[in-house]
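Participant: Mapping of the sequence shown onto the UniProt record's numbering: position 100 corresponds to residue 100, and the numbering continues sequentially without gaps.
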Amino acid sequence: MSAVERLLYSVLSQYYTAMKTRLQYRPKWVKNVFMGLVWTAPIFLLLESVTMDDANAHFRFHSSVFQLGVIETILLLLASLKSPGYCADMDGEEDVEKASLLNKTSNPGVQRGSVCKQCGIKRPLRSCHCSHCDRCVVRFDHHDVVINNCVGYGNQHYFLLFLLFALLSSGTALFLFFVADGSSHSFAAKLYAFVRYVVLSAKVVYCVVSLKEMIPSVIDNLTHYESVNSYKIGYLKDDNFRFFNPFNQGVMKNIAEFFHLSTDWMRTHYYCLMDIPNHPLRVKGLEYLQQKGSQEEKKDAKMEICTCPKCGIQLYRPSGATTLQCTCGYVFSVKL
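Below, the structure written as structure tokens:
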């Protein structure tokens, strides 16, 4: 048991050292919530499960709580420490940003889209600037106070699995403690049991609320940010300005994309709805561009090409024009 406790203490100490810099500039209540829910519950479950009497009739539940607690702690570390997927880390993003700033690119996707006012980076679709991290996150979902990190494309699957295993471990522990024989009636034992129920109940409520918000979005291939702000997001509208989800491919494909089994959003540069295949507004936009192009072609066909007598540069003469001014500054008259 001592070896397990030493290993657990070593892992959590390294975890606290890594998270300390992130918590340094956060409000005090954020630190308290983080320390209370994320630290107390996993440590309590692990230590409680390894110190229980093996001869107890509920030892099978004890071992289950221990295994679920270990998996939960690992997923917690991954969700907290792994990058959520910052826009600056996208493949080719540096070249895209330089080209957009210099305006020397032929890629139409680079010339569209929005530039973040806070960090000045070309921001692709489904990304958002996090005010807590002060960076733009790819497929931004939300900033979670408990893990003290953004939930984005890079760690969204770890966060969802963490919630599932945290709910299983806490629910199993609550059931075990409820059916266990409370032979001790001392004040300290009752106080300890009360604190235990409060911590685990708060953790269960947090997991249930988070999963209730996240699972429907995963099934629909949307983020929590997109679900809440769909009324003001342009690429979530059809040609009649009603809600339209261009990323919905069916439940199984949506789940596969969420777990990084299909579309890689760190390599996909969608900067506006014109880059989304089969989007209704994209079809309307292409029709408009084709009509505009045909009108310009007809207009160009009516124009006559004239040559400047001074420098020899060829110029278009608009219909009805009798004089032209060349780029060299020479003004000459033309015949109709």
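Backbone N, C-alpha and C define an ideal beta-carbon position, used for all residues, glycine too.
Just reading off the alpha helix (DSSP H) that Val205 is part of, what are its end residues?
Facilitator: Counting along the chain, the alpha helix (DSSP H) containing Val205 begins and ends at 187-219.
Participant: Apart from the five residues on each side of it in sequence, which residues of its chain come closer than 6 Å, Cβ to Cβ, to Ile147?
Facilitator: Ala79, Ser80
Participant: Please list the terminal residues of the continuous beta strand (DSSP E) segment that includes Phe332.
Facilitator: That run of the beta strand (DSSP E) goes 331-333.
Participant: Mind reading off the beta-carbon distance from Met214 to Gly85? Whole number of angstroms is fine, and I expect it under 8 Å.
Facilitator: That pair is no contact at about 16 Å.
Participant: Keeping to the same chain, check which residues put their C-beta closer than 8 Å to that of Pro280; ignore five residues upstream and five downstream.
Facilitator: Excluding residues within five positions, the ones whose Cβ falls inside 8 Å are Asp238, Asp239, Phe244.
Participant: Name the DSSP bridge partner or partners of Ser114?
Facilitator: Arg123
Participant: Does the contact criterion of 3 or more C-beta pairs under 8 Å hold for the region 143-160 versus the region 256-263?
Facilitator: With a cut-off of 8 Å on Cβ pairs, the region 143-160 is in contact with the region 256-263, counting three or more such pairs.
Participant: Look at Cys133 and Cys116 and say whether their C-beta atoms are less than 8 Å apart.
Facilitator: Here Cys133 is not near Cys116, since their CB atoms are 8 Å or more apart.
Participant: Looking only at its chain, what residues have a beta carbon closer than 6 Å to the beta carbon of Ile71, apart from the 5 residues adjacent to it on each side?
Facilitator: Phe165
Participant: If you check the beta carbons only, do Asp141 and Tyr225 fall under 8 Å apart?
Facilitator: yes
Participant: Considering only residues of the same chain and omitting the five flanking positions on each side of Leu161, which have a CB-CB separation below 7 Å?
Facilitator: Leu75
Participant: Relative to the C-alpha of Asn254, which candidate in Lys212, Cys87, Asp220 has its C-alpha closest?
Facilitator: Asp220
Participant: Going by C-alpha distance, which of Ala173, Ser201, Val205, Leu77 is nearest Leu68?
Facilitator: Ala173
Participant: Take Ser227 and list the residues in its own chain whose beta-carbon comes closer than 7 Å to its own, dropping the five residues that flank it on each side.
Facilitator: So the list reads Ser217, once near-sequence residues are dropped.
Participant: At the level of alpha carbons, what is the spacing between Cys207 and Cys272?
Facilitator: 34 Å
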